[in-house]
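Structure record follows, encoded as structure tokens.
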Amino acid sequence: ASVFAGIAQAPEDPILGVTVAFNKDPSPVKVNLGVGAYRTEEGKPLVLNVVRCAEQMLINDPSRYKEYLPITGLAEFNKLSAKLIFGADSPAIQENRVVTVQCLSGTGSLRVGGEFLAKHYHEHTIYIPTPTWGNHPKIFTLAGLTARTYRYYDPATRGLDFNGLVEDLSSAPLGSIVLLHACAHNPTGVDPTVDQWEKIRQLMRSKSLLPFFDSAYQGFASGSLDKDAQPVRMFVADGGELLMAQSYAKNMGLYGERVGALSIVCGSADVAVRVESQLKLVIRPMYSSPPLHGPSVVATILRDSEMFNEWTVELKAMADRIISMRQQLFDALKSRGTPGDWSHIIKQIGMFTFTGLNSEQVAFMRQEYHIYMTSDGRISMAGLNMKNLPHLADAIHAAVTK
Ligand code: PLP
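Every number in the UniProt record's numbering is 60 more than the matching position in the sequence shown, counting from 1.
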């Protein structure tokens, strides 16, 4: 007998559950396109060379201990992270208006930011795009906010529903929080253009909507760290306030190290000091202080110009491989004469393609071709390579001509 005997079996996480099913499949031709983690052309996980070097340096440094970090994490990591996303010459940083705390990767940064807002901000509604990363509504709801949605993706064009987005944000109550994917929107791979970002910025500032940026893919979208940060920097340049959740999972390949940061750009240095004091009260009872290894690796790389440059080269190589897989998948469907317009595969950006395949087609491809993806038809381009790409093209062709 157990006091927990009455507990119901919880459903598998819709994204991580894809990998569970994949692992159970004995087929030698199986392909996992569900998980949002980079794979090499050989289908293997990748530890960046520059990360290996940084780890070696840390191991060889006898002055390093395993003491606790402060509640807010590694100070140098926090400074360098703010510089990376906001730009080295950001006036907000120079005016000491930015407070940054190290958190448990992107997820932890969103959660801490959410709880801070629930405790200290007058408006508790956060608008998230439809669709969005499946964890967003749960993170913010558990943090004490109320999640509502704004239109984002238009299935007809497989592009941005810009008019719908503008309409929904225009009718949001004054002061509402708005979650924005900084670049490489997950799951759609659809980002606003710079012009559209500028219109979104003007609209949001005119209605005092508070931006909460989620940056999980800086450098992964275009291959350039600065270019991918441009929308965020437009919002900082106008002098307004915002929140920023940063993750190093994808762009430094530090997934399991759980390294990220929450920054809050405040109206003045004085406010920033008080905001930081309150962030500590959110973090302390949640997990006391963040981990040491990941941010030490990141700081080692970001502080050294040579290692930084090596990182940008390795990062661009990952982004370029993904971009080349897009082109090759598009070409493969074209050469098979697969019905439909597949140009969205090369127009979308970042780690994922929102194929437009429906859940029935997704199930068919799993059953008949052992190809695994989330039921919304999202595929991770990073899981593709020259070997499995023809198999995927065959499967898509069969699914749409069935
Ligand atoms: N936000 C988005 C849009 C994501 O796609 C992810 C990861 O898939 C995250 C945040 C958080 O990832 P992590 O907590 O591993 O940094």
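All residues carry an ideal CB built from backbone N, CA and C; glycine is no exception. In this text the structure is predicted, and so the values were computed from the model without any measurement.
- If you draw a 10 Å sphere on the C-beta of A148, you find fewer than 16 other C-beta atoms in it, and that means exposed.
- In the DSSP annotation of this structure, the continuous segment of the alpha helix (DSSP H) that includes Y429 starts and ends at S419 to Y429.
- Note that the C-beta distance between M264 and L229 is below 8 Å.
- Distances from the CA of E175 to each of N195, L164, E370 and I199 were compared; the closest alpha carbon is that of I199.
- Distance from the CA atom of D364 to the CA atom of V358, rounded to whole angstroms, is 10 Å.
- Taking 7 Å as the cut-off, the C-beta of Y213 does not count as close to any heavy atom of ligand 1.
- Relative to ligand 1, the nearest heavy atom lies less than 7 Å away from the CB of A276.
- For G174, there is no enclosing beta strand (DSSP E); the residue is part of the alpha helix (DSSP H) that begins and ends at S165 to H180.
- For A281, the shortest C-beta to heavy atom distance toward ligand 1 is 7 Å or greater.
- P215 is not a Cβ neighbour of F412, given a cutoff of 8 Å.
- In this model, F273 and D85 are separated by some 37 Å (Cα to Cα).
- The DSSP assignment places complete alpha helix (DSSP H) segments of no fewer than 4 residues inside the stretch 344-413 at 353-363, 365-396 and 404-407, in order along the chain.
- The three-state reading of DSSP puts D149 in coil, since its state is none of H, G, I, E or B.
- Membership of V460 in the alpha helix (DSSP H) is indicated by the continuous run L449 to T461.
- DSSP places T79 within a helical segment (H, G or I) once states are collapsed to three.
- Looking at Q290, L322, S141 and L269, the one whose alpha-carbon comes closest to that of V172 is L322.
- One alpha carbon belongs to G443, the other to R99, and they sit about 5 Å apart.
- Looking at F222, A178, G166 and A453, the one whose alpha-carbon comes closest to that of H196 is G166.
- The closest heavy atom of ligand 1 lies 7 Å or more from the beta carbon of Y187.
- Taking the C-beta atoms as reference points, F390 is found nearer than 8 Å to I406.
- Annotated three-state conformation of Y128 is coil, per DSSP.
- Burial of V335 is indicated by the presence of at least 16 other C-beta atoms within 10 angstroms of its C-beta.
- In the same chain as S440, and ignoring 5 residues on each side of it, the C-beta atoms closer than 7 Å to its own belong to L93, G94, V95, G96, M411 and F412, in chain order.
- Per the C-alpha coordinates, the member of A392, G400 and P399 positioned closest to H451 is A392.
- Residues F82, H430, I431 and Y432 of the same chain have their beta carbon placed closer than 8 Å to that of K90, with the five preceding and five following residues left out of the count.
- DSSP places P271 in the strand class (E or B) of the three-state scheme.
- Relative to ligand 1, N311 has its C-beta separated by 7 Å or more from all heavy atoms.
- Shown here for Q338: same chain residues with a beta carbon closer than 8 Å to its own, the five before and five after excluded, namely F176, K179 and H180 in chain order.
- DSSP places I188 within a strand segment (E or B) once states are collapsed to three.
- Between the stretch 375-391 and the stretch 338-348, the count of C-beta pairs closer than 8 Å stays below three; the two stretches do not touch.
- Its Cα nearest to that of T434, the residue L417 stands out among L417, S231, R381 and F295.
- N109 carries a helical assignment under DSSP once its states are collapsed to helix, strand and coil.
- Taking a contact as a CB-CB distance under 8 Å, the pair A232 and K267 counts as one, their CB atoms being some 7 Å apart.
- A contact is defined here as three or more CB-CB pairs under 8 Å, and the stretch 153-160 meets this definition with respect to the stretch 324-335.
- In this structure, DSSP gives G283 a state outside helix and strand, which the three-state scheme calls coil.
- By the criterion of at least three beta-carbon pairs nearer than 8 Å, the stretch 293-305 is not in contact with the stretch 106-119.
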